[in-house]
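Q:
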Amino acid sequence: MCCCAKARKDGDVTIEGPENRIRNINRILLEFVNEESKIGLREVPCIEMIEKVLLASNKGEVPKRDIIQIYKSTEQVNQNSIKNFMIQDFFFVDTSRQKYDFNKIVLFNLLYSGGKEIEKANFLFNVIENTSSSAVHNHSQKLLNTLENLTYISCIVVGEIINSVRRFQTDTEDSEFQELLSLYSTNANMLREFGNHIASIFLFPSSEDRQYLMRPDFIKKMEESAYLLIKPHEIRKKYTEYVWQNKARALLPSKLMRRTTHGIRENGEESKNPSEINDSIRQSARGTLRKQFSGQNQKQQYSRQISEAQLQNSANQQKQLRQDKMDKYLPLQSPYNYSNNDNLDKSSDISMAVYRYEDKSAQDSMSSPTNRQNKNKNNNAFQKQNYNQQYQQQQQQQLQKSQQNINKYFDQPALVQQNFSNQFTDKGHSPLLSPATAKLGSEVDIERDMKQRLKSLKLQGPSNRESSETQTSLLSTTNLRKYQNVQMYLKEMFGEQFVNMVAEMMEPFDAKKQSTLQMKLSDLRNSTKLEFPEYNAYPYHIREVFEYYNAILHKEDLLEFSKGKLFRDNIINVYLKILEKINLVRQSQYNYQRATTRNSVDIYSQNTSQTPQKILYFNTYFSRKLNNEAYVKDCLNMLQNFFKFDQVILPFFIDEEDDQRALIVSVKVANFQVDLYDRERDEDNHDISDTVLHLMDLSSRIQDVEFNEDQIDGGVEGVCVDREEDMLVAICYIAEQITFNKPVDLETFNVNLERQRILDVFLSLLQFK
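See below:
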């Protein structure tokens, strides 16, 4: 009764306009609210559900079995109702229906799970922000895609569920419901137009104001709109008004729609927004309703294909024209020049405003210095464009060769991989994951862009150790004038507190630090749970650490670890994540000094101990996946750049009823030196060496690198600890020594002291402000 009363209360908020033409609009919209109220997720905190989905995700995809298990294990959820949602084609990555789209599942939980509205608003900002500027840009593709998906879930998905059970009994109600549903789903472009429309009303009401929102501004706009964007019945109300007011255009096929006013600027120039162009030629794949209301014959379909080809050609020409303008009026070092960079937010109004700027003084005289400078810039831009085209062709050939090697691997009879796709680029990107972990789809673009910007700085070309995704920090050093020194640069990228913590980790863990640790432990025991700082304001890399830390480590884990009683791999995985970011800090410092200091390369080469290594950190899950044919595809994705790293760290964790074991393997890629660090034991019944050999063999075949197992210089280092619980400490210690370019000295290794030092790192993060 309570749920029904609440549903009716929400359903009473009707719209103006359509109710005069659809007499039963209140009854129809009430059914939408009633269907949503059955799910039962309102009692479950939104962040809790998203964390579960995050843990199960991999490169923007979530296996179907994991989603089923997540919702089955949540007692409050109505299984029949949630099943009606989760079987919709919209939520799946492809037609195989075996993997869900991470972003769409996250938005579903954002709409229908419980929790504070301000927390949801903060998380929505994480989804749609531009990671390079930490802001939400008007007309950006991230923003428009998110608004489109929120609308689709609350309108079309719920509508199809109601339609599948034939909820309406009378012919009048059913026909009116079908009419509304056809307006919802017939034309895909209406969703994009509505996304622009609702963004212009609630987020960017004035074109004279700045066309981007930082986090505080975004939260304020959400509060002013009563958090409408995360309330499904409010989105549905606005969308119903919009489609009814544009009824004639909504029923047109997608390809015949007239260009919207959002594509025209005040000066009459058509917008070169790629998101608008791409969506104008997009196929409308809107589930079963598209088939029900299409009614188009083959001749119409053929004409649409021709129209689509014409639009695609037009889109390419407009995109090239826009890039030519950017190359002409923007310096290459500008952060708003997205030349040859597939950034989703490159169509933001900031970049549009910058590239339209022209230097009037250059028109005063053909012989003026400014005019000569512009002429040189144009020549350089033309040369750079030719270089880019040649380099793109080379990189495309290399990528195709790599894909062919992967396909050859899957064609082997020993592994039946017929169900796997031949495409190994990311289908989606998790907002909570670092770009470094979603690297495969953008590897070529990152490396290409880095080489171009290095060339503009007249620096020595990147060596093998500087040509991968962990060097993304170098891309930010092209606009160095705003940083007074390397400390200011690192502070902006990682935050002052994290940089200071890295410096403190290199100092001895003396008696004073041990005393401070005891005070931190006392506070931890008196708390009810781990109290994390408000980390949404931190730079992206540090937010990723906190989100991962918060998701898999708990108060009891740290207390058990402090007593030496914990045997779980979550300690290893979180600590390796922290070390990965520490390595990125060291890489960023190296890149900054190399780009700004004359002869800095020679200085570093004289002292190799100060030159940070480029390290690939795997977690304990990787070795398990590597030996499981169901996950071979994911492993191959992660191994495509294996030989571009200086060193690889691979931990193993075995927790079985009759066997518990933890160890770590270090691979020096240049000379194939493999060091295995394991507790001294009488017998070994695991083929660790075979797993490492298999890993290197796969990597060499993918990257077309000559490799023979005879080239491996292998060795086993015994760790003098008595228990596997102590081996967790040794693994963290070894990985940290490698990260800081320090020798692994197992003779002086003090397990109790190192345990305290590692624990201090975990607790220090909780004290960030």
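Take the sequence shown: its position 683, counting from 1, is numbered 683 in the working numbering, and each next residue is one higher.
Each residue gets a CB set at the ideal place from its N, CA and C atoms; glycine is no exception.
Being a predicted model, the structure only gives us computed values, none of them experimental.
Do F91 and I161 have their CB atoms nearer than 8 Å?
A: Start at 1 with the first residue of the sequence shown, and residue 91 comes out as number 91. Start at 1 with the first residue of the sequence shown, and residue 161 comes out as number 161. Not in contact: F91 and I161 (Cβ atoms no closer than 8 Å).
Q: Is it true that the segment 130-138 meets the segment 229-238, where meeting means three or more beta-carbon pairs spaced less than 8 Å apart?
A: No, the segment 130-138 does not touch the segment 229-238.
Q: Do the segment 113-123 and the segment 45-53 touch if we need at least three Cβ pairs shorter than 8 Å?
A: Flag = yes, the segment 113-123 and the segment 45-53 touch.
Q: Note down the Cα distance separating Q703 from N641, rounded to an integer number of angstroms.
A: Counting from one through the sequence shown, the residue named residue 703 turns up at place 703. Counting from one through the sequence shown, the residue named residue 641 turns up at place 641. Going by the C-alpha atoms only, they are around 7 Å apart.
Q: In the segment 682-756, which residue ranges form an unbroken beta strand (DSSP E) of at least 3 residues, counting only runs that do not cross its ends?
A: Here the runs fully enclosed are 713-719.
Q: Using C-beta distances below 8 Å, list every residue in its chain close to S348, excluding the 5 sequence neighbours before and after it, in chain order.
A: As a working note, residue 348 is residue 348 in the sequence shown. Note that S348 scores a pLDDT of 33, beneath 50, so its modelled location is shaky; the value from the coordinates is reported in the next line. Excluding residues within five positions, the ones whose Cβ falls inside 8 Å are N130, H137, N138, H139, S140, Q211 and Y212.
Q: Apply the 10 Å Cβ neighbour rule to H554 and answer buried if 16 or more other Cβ atoms are within range, or exposed otherwise.
A: To locate residue 554, count along the sequence shown from 1; it is residue 554. By the neighbour-count rule (16 or more Cβ atoms within 10 Å), H554 is not buried but exposed.
Q: Report yes if the C-beta distance between T516 and I615 is below 8 Å; otherwise report no.
A: Position 516 of the sequence shown, counting from 1, holds the residue named residue 516. Position 615 of the sequence shown, counting from 1, holds the residue named residue 615. No, the pair does not count as a contact, with Cβ atoms beyond the cut-off.
Q: What would DSSP say about Q673, mapped onto helix, strand or coil?
A: As a first step, residue 673 is located in the sequence shown; it is residue number 673 there, counting from the start. If DSSP states are grouped into helix, strand and coil, Q673 belongs with the strands.
Q: Below 8 Å on the Cβ atoms is my guess for V729 versus R755; work out the distance and round it to an integer in Å.
A: Walking along the sequence shown from the start, residue 729 turns up at place 729. Walking along the sequence shown from the start, residue 755 turns up at place 755. Contact holds; Cβ gap of about 5 Å.
Q: Check each candidate in L183, K742, S225 and A56 and name the one with the smallest Cα separation from Y152.
A: Taking the first residue of the sequence shown as 1, we reach residue 152 at position 152. Nearest option by C-alpha distance: L183.
Q: Within its chain, find whatever has a CB closer than 7 Å to the CB of F672; leave out the 5 residues flanking it on each side and keep chain order.
A: Position 672 of the sequence shown, counted from the start, is the residue given in the question as residue 672. Closer than 7 Å at Cβ, skipping near neighbours: Q711, I712 and D713.
Q: Since S185 is in the alpha helix (DSSP H), which residue starts that stretch and which ends it?
A: Here the question's residue 185 lines up with position 185 in the sequence shown. D171 to S185 is the extent of the alpha helix (DSSP H) around S185.
Q: Expressed to the nearest angstrom, what Euclidean distance is found between the alpha-carbon atoms of E504 and Y631?
A: Locating residue 504 in the sequence shown gives position 504, where the first residue counts as 1. Locating residue 631 in the sequence shown gives position 631, where the first residue counts as 1. Roughly 39 Å between the two C-alpha positions.
Q: Does the beta-carbon of S185 have 16 or more other beta-carbons within 10 angstroms, so that it is buried, or is it exposed?
A: Here residue 185 refers to the residue found at position 185 when the sequence shown is read from its first residue. It is buried - the Cβ of S185 has at least 16 other Cβ atoms within 10 Å.
Q: Quick check on the DSSP output: what are the complete beta strand (DSSP E) runs of length 3 or more inside the segment 496-559, in order along the chain?
A: Within the segment 496-559, no complete beta strand (DSSP E) run reaches 3 residues.
Q: Reducing DSSP to helix, strand and coil, say where A226 ends up.
A: Numbered from its first residue, the sequence shown carries residue 226 at position 226. The answer is coil: DSSP assigns A226 none of H, G, I, E or B.
Q: On a Cα-Cα basis, can you pick out the residue from P533, G195, M506 and S225 that is closest to F202?
A: What you label residue 202 is simply residue 202 of the sequence shown in a count that begins at 1. The shortest C-alpha separation from F202 is found at S225.
Q: One question on the structure: do V719 and R679 come within less than 8 Å of each other, judged by their Cβ atoms?
A: By one-based count along the sequence shown, residue 719 stands at place 719. By one-based count along the sequence shown, residue 679 stands at place 679. Yes, Cβ-Cβ distance for V719 and R679 is below 8 Å.
Q: Any Cβ of chain C within less than 8 Å of the Cβ of L566?
A: Here there is only one protein chain, and chain C is not present.
Q: Using a Cβ-Cβ cut-off of 7 Å (strictly less than) and excluding sequence neighbours within five positions of L521, which residues of its own chain qualify?
A: Indexing the sequence shown from 1 puts residue 521 at position 521. Counting only Cβ-Cβ distances below 7 Å, and skipping sequence neighbours, we find S562.
Q: Going by other Cβ atoms of all chains shown within 10 Å of its Cβ, with 16 needed for buried, is G195 buried or exposed?
A: For the purposes of this step, residue 195 is taken as residue 195 along the sequence shown, with counting starting at 1. Buried, by the Cβ-count rule.
Q: Give the secondary structure of S140 by DSSP, where H, G and I count as helix, E and B as strand, and everything else as coil.
A: Counting from 1 along the sequence shown, the entry for residue 140 is found at position 140. Coil, per DSSP.
Q: Relative to the alpha-carbon of L150, which residue among L124, S689 and F546 has its alpha-carbon at the smallest distance?
A: As a working mapping, residue 150 is identified with position 150 in the sequence shown. Of the listed residues, the one whose Cα sits closest to L150 is L124.
Q: Over the uninterrupted beta strand (DSSP E) stretch that includes L579, give me the two end residues.
A: On the sequence shown, residue 579 is found 579 positions in, with the first residue counted as 1. Not the beta strand (DSSP E): L579 falls in the alpha helix (DSSP H), residues N570 to T596.
Q: Go through its chain and collect everything with a Cβ distance to N570's Cβ below 8 Å, but skip five positions before and after it.
A: Residue numbering aside, residue 570 sits at position 570 when the sequence shown is read from its first letter. I552, L553 and D557, listed in sequence order.
Q: Suppose you measure from the CA of C732 to the CA of I572; what does that come to, to the nearest Å?
A: The residue you call residue 732 lines up with position 732 of the sequence shown. The residue you call residue 572 lines up with position 572 of the sequence shown. The straight-line gap from Cα to Cα measures roughly 6 Å.
Q: Give the secondary structure of Y621 by DSSP, where H, G and I count as helix, E and B as strand, and everything else as coil.
A: Taking the sequence shown and counting its residues from 1, one reaches residue 621 at position 621. Helix, per DSSP.
Q: For the candidate residues K529, S96 and E736, whose alpha-carbon lies nearest to that of R757?
A: As a working mapping, residue 757 is identified with position 757 in the sequence shown. Among K529, S96 and E736, the Cα nearest to that of R757 is on E736.
Q: Could you tell me which of C635, Y590 and S154 sits nearest to F32, measuring between CA atoms?
A: Working through the sequence shown from its first residue, we reach residue 32 at position 32. Here the closest residue by C-alpha is S154.
Q: E61 and K99 - do their beta-carbons sit closer together than 8 Å?
A: In the sequence shown, counting from the first residue as 1, residue 99 sits at position 99. In the sequence shown, counting from the first residue as 1, residue 61 sits at position 61. Yes, the pair counts as a contact, with Cβ atoms nearer than the cut-off.
Q: Could you check if N750 is buried or exposed, using at least 16 other CB atoms within 10 Å of its CB as the buried criterion?
A: Sequence index remark: in the sequence shown, residue 750 carries index 750 (1-based). It counts as exposed.
Q: Hey, F622 and C635: beta-carbon distance below 8 Å or not?
A: Locating residue 622 in the sequence shown gives position 622, counting from the first residue. Locating residue 635 in the sequence shown gives position 635, counting from the first residue. Yes. Within cutoff.
Q: Is I118 buried or exposed, if buried means 16 or more other CB atoms sit within 10 Å of its CB?
A: As a first step, residue 118 must be located in the sequence shown, where it is residue number 118. The residue is exposed, with fewer than 16 neighbouring Cβ atoms inside 10 Å.
Q: On the criterion of 16 or more Cβ atoms from any shown chain inside 10 Å, does F532 qualify as buried, or is it exposed?
A: For this step, residue 532 is matched to residue 532 along the sequence shown. Exposed, since its Cβ has fewer than 16 Cβ neighbours within 10 Å.
Q: How big is the Cα-Cα spacing for S764 and E717?
A: The sequence position of residue 764 within the sequence shown is 764, counting from 1. The sequence position of residue 717 within the sequence shown is 717, counting from 1. So the alpha carbons of these two residues sit roughly 31 Å apart.
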